[in-house]
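The structure appears below as structure tokens.
Residue numbers (the working numbering), protein chains in the order written: chain R, 1 to 332; chain U, 1001 to 1276.
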């Protein structure tokens, strides 16, 4: 249960083709993350799968059955919204019970499942509260609870963590990953945050302007980005993309080197540059360096480093870690 | 941080507020007081505030001359009826505009509001003739219909602003959770919209209750509501201030009481959507 297949799926709003035409296979049990900049169509794609938007063309199959024209409730999917979308006038218990009530389960069965879900999500003490009496993280857990009681064939998450503060986001990220390990149900997760994508996904789908730029595991995308867009999007700090003489010397239009693949020295190296900004994180040091003839280069060095603005440093890109792109922006 | 306000300043503002409130309330207070005076005391100069012979004779006379309860029941039927039928049309209309707006939604809303800017007298003759020819003159059903149309733009606007406040994602969540359209409305939308619908109903009952132009022009006796009842005491042959006051007090009392007890709802209704 939980395989989803999209064939030639397209979505047009008025004259704007948000998704021109897209094919995608999601295997059962996979944690798939749709990632891309805002407006890239990732949320629209999720809503098409959910059935909240109608496709303009193409076919969506869930578990091998054509679901293209099925209403959302009949697709066997559960969704967690960015705003949590809890029912404000219902208690936590009623919120979680709502999908079961709609499915016509008997009361004892509903009670049993709600209690079970509440236990998994640490919500037992809050069952009789209203959503407004809960913190952001608790609300998010209620929304997840409402999704899991249905035992759907897949979960859809639409930027579920973007309303939480940074510390809580890291916790919830972990909780969702653990939940996936426990349930082994297919999860589709939309985010614009590539860190979330890298940390949670089995498979990342990078979207840009409604097109799939690349599909692969986090490390595949990191090691061999298919094009400039993916190269620039995945990885933090961003990959340095160098053009001009240096790129031509390597037989490419653009050459990419990740900041962590640059060796730094204060005495010797391939490039000599001046530090403009040094960001000291303790665990890492991010350096922004102006290299004459090359341009602006970011470098990441592990640990503490006693350099600051105006200091001269030497940088050496690791040859075997260079990414070469042709004039189409594709990896070569 | 809250601004610091000195006690003297607070006292001054409180006093000013009281003076303004009393000024606004004074005509109503004066009407109520006058209704308990005799006709002679009602026109006495200088007028007396409380030291007069309190009497209920005006009320007895008013009730004897014109049946208050008949007019009262007409007012109830007309204001409740027009509000109810208005809701039946306005809820789906506001619904459609709030949840699946099109490019023209704003225009439709503005057009509806613009009908409130036309002086009603401009439509009086045609409406009167239609009523005469269809036998709706001096009938409750005719008034229910006309007042429903008069207040429809306000009902639609109010409901529209309320419905707009309900996040679409909650409705989508209900759809994902397996709710049919009917269940989505009864389990999710209606409970969330109840406060909004309640204030709309209250405001419209009050508007319909107080509506005088159409009720005066389209009724004679049978369907005449309380507005006609009051108007019948301001006769060209001479004014009977005390009786007029008694009639007015009886006419405004129900709606005043309703308004008093539903203040919170009304204020919420009128300011809803102003701040998030």
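Each residue gets a CB set at the ideal place from its N, CA and C atoms; glycine is no exception.
Handout entry: Rounded separation between residue 145 of chain R and residue 208 of chain R - CA only
Key = Within the first chain, the letter at position 145 stands for residue 145 of chain R. Within the first chain, the letter at position 208 stands for residue 208 of chain R. One Cα belongs to residue 145 of chain R, the other to residue 208 of chain R, and the distance between them is close to 32 Å.
Problem - Contact set for residue 7 of chain R: own chain, Cβ-Cβ below 7 Å, skip 5 residues either direction - result: Numbered from 1 along the first chain, position 7 holds the residue referred to as residue 7 of chain R. Annotation for residue 7 of chain R: 23, 58, 59 place their beta carbon closer than 7 Å to its own, counting only its chain and skipping 5 residues before and after.
Handout entry: Contact list for the region 101 to 114 of chain R against chain U, Cβ threshold 8 Å
Key = Per Cβ criterion, the list reads 102, 103.
Practice task
Give me whichever residues DSSP pairs with residue 1191 of chain U in a beta bridge.
Solution key: For the purposes of this step, residue 1191 of chain U is taken as residue 191 along the second chain, with counting starting at 1. For residue 1191 of chain U, which the question treats as bridged, DSSP gives no partner whatsoever.
Exercise for the section: Please list the partners that residue 118 of chain R has in chain U, where partner means a Cβ-to-Cβ separation under 8 Å. Expected result: Mapped onto the first chain, residue 118 of chain R falls at position 118. In chain order: nothing, as chain U lies at least about 17 Å away.
Practice task
Would you tell me roughly how many angstroms separate the C-alpha atoms of residue 117 of chain R and residue 19 of chain R, rounded to the nearest one?
Solution key: In the first chain, counting from the first residue as 1, residue 117 of chain R sits at position 117. In the first chain, counting from the first residue as 1, residue 19 of chain R sits at position 19. The alpha-carbon atoms of residue 117 of chain R and residue 19 of chain R are separated by roughly 36 Å.
Handout entry: C-beta atoms of residue 237 of chain R and residue 231 of chain R nearer than 8 Å
Key = Position 237 of the first chain, counting from 1, holds the residue named residue 237 of chain R. Position 231 of the first chain, counting from 1, holds the residue named residue 231 of chain R. Taking 8 Å as the Cβ cut-off, residue 237 of chain R and residue 231 of chain R do not qualify as a contacting pair.
Problem - Within chain U, partners of residue 351 of chain R - CB distance below 7 Å - result: Here chain R has residues from 1 to 332 only, and residue 351 of chain R is not among them.
Practice task
Name, please, each residue of chain U whose Cβ falls closer than 7 Å to the Cβ of residue 98 of chain R.
Solution key: Translated into the one-based positions of the first chain, residue 98 of chain R becomes position 98. Listed along chain U, the residues sitting closer than 7 Å to residue 98 of chain R by beta-carbon distance are 1177.
Handout entry: 8 Å Cβ cutoff met for residue 294 of chain R and residue 156 of chain R
Key = Within the first chain, the letter at position 294 stands for residue 294 of chain R. Within the first chain, the letter at position 156 stands for residue 156 of chain R. Judged by beta-carbon spacing, residue 156 of chain R lies beyond the 8 Å limit of residue 294 of chain R, meaning their Cβ atoms are not closer than that value.
Problem - Spatial neighbours of residue 1216 of chain U in its chain, beta-carbon cut-off 7 Å, leaving aside the 5 residues before and after - result: On the second chain, position 216 is the one that residue 1216 of chain U refers to. The beta carbon of residue 1216 of chain U sits closer than 7 Å to those of 1227, 1228, 1231, all from its chain and outside the five residues before and after it, given in chain order.
Problem - Pairwise C-alpha distance: residue 1247 of chain U and residue 1062 of chain U - result: Taking the second chain and counting its residues from 1, the one referred to as residue 1062 of chain U is at position 62. Taking the second chain and counting its residues from 1, the one referred to as residue 1247 of chain U is at position 247. When rounded, the separation of the alpha-carbon atoms in residue 1062 of chain U and residue 1247 of chain U is 7 Å.
Exercise for the section: Kindly say whether residue 1191 of chain U, judged by its beta-carbon, lies nearer than 8 Å to any beta-carbon of chain C. Expected result: The structure shown contains no chain C; its protein chains are R and U.
Handout entry: Segments of 3+ residues assigned as beta strand (DSSP E) that fall wholly inside the region 101 to 185 of chain R
Key = Within the region 101 to 185 of chain R, the runs of beta strand (DSSP E) that reach at least 3 residues and sit entirely inside it are, in chain order, 154 to 158.
Problem - DSSP state of residue 334 of chain R mapped onto helix, strand, coil - result: Outside the shown range of chain R, which is 1 to 332, sits residue 334 of chain R, and nothing can be said about it.
Practice task
Using a Cβ cut-off of 8 Å (strictly closer), state whether residue 1101 of chain U contacts chain R.
Solution key: Within the second chain, numbered from 1, the residue matching residue 1101 of chain U stands at position 101. No, no contact with chain R.
Exercise for the section: Helix, strand or coil for residue 325 of chain R, going by three-state DSSP, please let me know. Expected result: To locate residue 325 of chain R, count along the first chain from 1; it is residue 325. When DSSP states are grouped into helix, strand and coil, residue 325 of chain R belongs to the strand group.
Problem - Buried versus exposed, by CB contacts within 10 Å (16 or more), residue 31 of chain R - result: Sequence index remark: in the first chain, residue 31 of chain R carries index 31 (1-based). By the neighbour-count rule (16 or more Cβ atoms within 10 Å), residue 31 of chain R is buried.
Problem - Minimum length 3: unbroken beta strand (DSSP E) runs contained in the region 21 to 87 of chain R - result: Complete beta strand (DSSP E) runs here, min 3: 31 to 35, 57 to 62, 77 to 80.
Handout entry: Nearest candidate by alpha-carbon position, reference residue 1166 of chain U, set U:1179, U:1190, U:1103
Key = As a working note, residue 1166 of chain U is residue 166 in the second chain. That would be U:1190, whose Cα lies nearest to the Cα of residue 1166 of chain U.
Practice task
Answer yes if the region 148 to 155 of chain R comes into contact with the region 176 to 193 of chain R, meaning at least three C-beta pairs across the two stretches below 8 Å, and no otherwise.
Solution key: Judged by Cβ distances under 8 Å, the region 176 to 193 of chain R makes contact with the region 148 to 155 of chain R, as three or more pairs qualify.
Problem - residue 1249 of chain U versus U:1168, U:1222, U:1030, U:1179, residue with shortest Cα-Cα distance - result: Position 249 of the second chain, counted from the first residue, corresponds to residue 1249 of chain U. Nearest of U:1168, U:1222, U:1030, U:1179 to residue 1249 of chain U, Cα basis: U:1030.
Handout entry: For residue 298 of chain R, the nearest candidate out of R:304, R:310, R:279 (CA to CA)
Key = Working through the first chain from its first residue, we reach residue 298 of chain R at position 298. Residue 298 of chain R has its Cα closest to that of R:279, out of R:304, R:310, R:279.
Handout entry: DSSP three-state assignment for residue 1169 of chain U, whether helix, strand or coil
Key = Counting from one through the second chain, the residue named residue 1169 of chain U turns up at place 169. Looking at residue 1169 of chain U - three-state DSSP - the assignment turns out to be helix.
Problem - Where the alpha helix (DSSP H) through residue 254 of chain R begins and ends - result: Counting from 1 along the first chain, the entry for residue 254 of chain R is found at position 254. Bounds of any alpha helix (DSSP H) do not take in residue 254 of chain R; it lies within the beta strand (DSSP E) bounded by 254 to 257.
Handout entry: Integer Cβ distance of residue 1233 of chain U from residue 1244 of chain U, believed to fall under 8 Å
Key = Start at 1 with the first residue of the second chain, and residue 1233 of chain U comes out as number 233. Start at 1 with the first residue of the second chain, and residue 1244 of chain U comes out as number 244. The Cβ separation is near 4 Å, so the contact holds.
Handout entry: Cβ-Cβ distance between residue 227 of chain R and residue 331 of chain R below 8 Å
Key = Within the first chain, numbered from 1, the residue matching residue 227 of chain R stands at position 227. Within the first chain, numbered from 1, the residue matching residue 331 of chain R stands at position 331. Contact annotation: residue 227 of chain R and residue 331 of chain R have beta-carbon atoms nearer than 8 Å.
Exercise for the section: State yes or no: is the beta carbon of residue 79 of chain R nearer than 8 Å to at least one beta carbon in chain U? Expected result: Here residue 79 of chain R refers to the residue found at position 79 when the first chain is read from its first residue. Under the Cβ distance rule, residue 79 of chain R counts among the residues neighbouring chain U, one pair being separated by less than 8 Å.
Problem - Element boundaries [alpha helix (DSSP H), containing residue 1031 of chain U] - result: Position 31 of the second chain, counted from the first residue, corresponds to residue 1031 of chain U. Residue 1031 of chain U -> alpha helix (DSSP H) spans 1007 to 1035.
Problem - the region 1193 to 1205 of chain U contacting the region 1071 to 1089 of chain U, beta-carbon criterion three pairs below 8 Å - result: The region 1193 to 1205 of chain U vs the region 1071 to 1089 of chain U: in contact.
Practice task
Please determine, among R:324, R:285, R:317, R:326, the residue with the shortest C-alpha to C-alpha distance to residue 306 of chain R.
Solution key: For the purposes of this step, residue 306 of chain R is identified with residue 306 of the first chain, where counting begins at 1. If we check each option's Cα against that of residue 306 of chain R, R:285 comes out closest.
Problem - Any chain R beta carbon closer than 8 Å to residue 1195 of chain U - result: Taking the second chain and counting its residues from 1, one reaches residue 1195 of chain U at position 195. Closer than 8 Å: no.
Problem - Alpha carbon of residue 204 of chain R to alpha carbon of residue 1150 of chain U, nearest angstrom - result: By 1-based counting over the first chain, the position of residue 204 of chain R is 204. By 1-based counting over the second chain, the position of residue 1150 of chain U is 150. Going by the C-alpha atoms only, they are around 58 Å apart.
Problem - Own chain, CB closer than 6 Å to residue 1146 of chain U, minus 5 neighbours either side, in chain order - result: As a working mapping, residue 1146 of chain U is identified with position 146 in the second chain. Once the five neighbours on either side are set aside, the close Cβ partners of residue 1146 of chain U are 1214.
Practice task
Using a Cβ cut-off of 8 Å (strictly closer), state whether residue 1040 of chain U contacts chain R.
Solution key: Looking up residue 1040 of chain U in the second chain gives position 40. Closer than 8 Å: no.
Problem - residue 1206 of chain U versus U:1044, U:1266, U:1032, residue with shortest Cα-Cα distance - result: In the second chain, the residue the question calls residue 1206 of chain U occupies position 206. For the residues U:1044, U:1266, U:1032, the minimum Cα distance to residue 1206 of chain U belongs to U:1266.
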